[in-house]
Each structure stands twice: as structure tokens, then as C-alpha cells.
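*Asks:* Plus 3 on top of the position in the sequence shown (first one is 1) and you've got the working numbering.
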Amino acid sequence: MILAELRDYLQEKKRVSLNDLVMRFQVDAEALRGMLSKWISKGRLKKSQAGANCGGSCCKCDPALTEIYEWIESKTTTD
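Written out as C-alpha cells, the structure is:
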């Protein structure tokens with residue numbers, strides 16, 4: 004996976020959990036955090052915590068993977 008694939012997925016979905024990204028790309032959470040930090044540093048992505056669980060009622064989500072990432076649309080077309 005390359006940064007462009009990650010960017011395209013984030014742009015399409017707008018808001019995703021780290022767990023969703025791990026499952027979608029089959030990449031370790033720490034490796035994804037490194038890639039996501041590139042987009043955060045460019046001001047294109049915002050990170051927030053979902054809380055104690057993912058927001059569902061099953062309580063099976065790993066709290067370490069409930070980070071939520073939200074793509075920030077730019078006013079220009081360049082990334």
C-alpha cells in the first residue's frame with residue numbers, strides 16, 4: 004500500500020476508524036499510524052478518539068484501534 008491509496012480511501016470515506024483501515028488494507032496499526040501522520044502533518048487529516056468503544060453496542064472493539072480519522076477537504080485541488 005502506498006500513501007496515495009490511503010489518501011484515496013480517506014477522501015472517499017471522509018471519516019474512518021483505525022480499525023477500519025487495518026481491516027481494509029491488512030496493515031499493522033502502527034504502520035498505518037506512521038502513514039496517517041504524513042497526512043496529519045500536511046493538514047489534510049484530523050485524528051480524534053472515539054471513546055471507550057467504537058460507538059457500537061457489541062463492546063468487542065479494541066480500544067487502541069478506536070481512533071477516528073477525518074479527511075479535511077482543501078480549497079485547492081492539490082495535495
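Idealized CB from N, CA, C, for every residue including glycine. Here the structure is a predicted model, which means the values were calculated and not measured.
Give a yes or no on whether the C-beta atoms belonging to Gly46 and Ile75 are separated by under 9 Å.
*Replies:* Contact flag set, yes.
*Asks:* Using C-beta distances below 6 Å, list every residue in its chain close to Ser44, excluding the 5 sequence neighbours before and after it, in chain order.
*Replies:* none
*Asks:* Please list the terminal residues of the continuous alpha helix (DSSP H) segment that includes Glu33.
*Replies:* 32–44
*Asks:* Short of 6 Å in beta carbon distance, which residues of its chain neighbour Glu15, apart from the five on each side in sequence? Order them along the chain.
*Replies:* Cβ-Cβ distances below 6 Å link Glu15 to nothing in the same chain once the five nearest sequence neighbours on each side are left out.
*Asks:* Sorted by chain position, which residues of the same chain lie with C-beta nearer than 8 Å to Leu48's C-beta, five sequence neighbours on each side aside?
*Replies:* If we look at Leu48 and ignore the five residues flanking it on each side, its Cβ neighbours are Leu13, Leu39, Trp42, Tyr72, Glu73, Trp74, Ile75.
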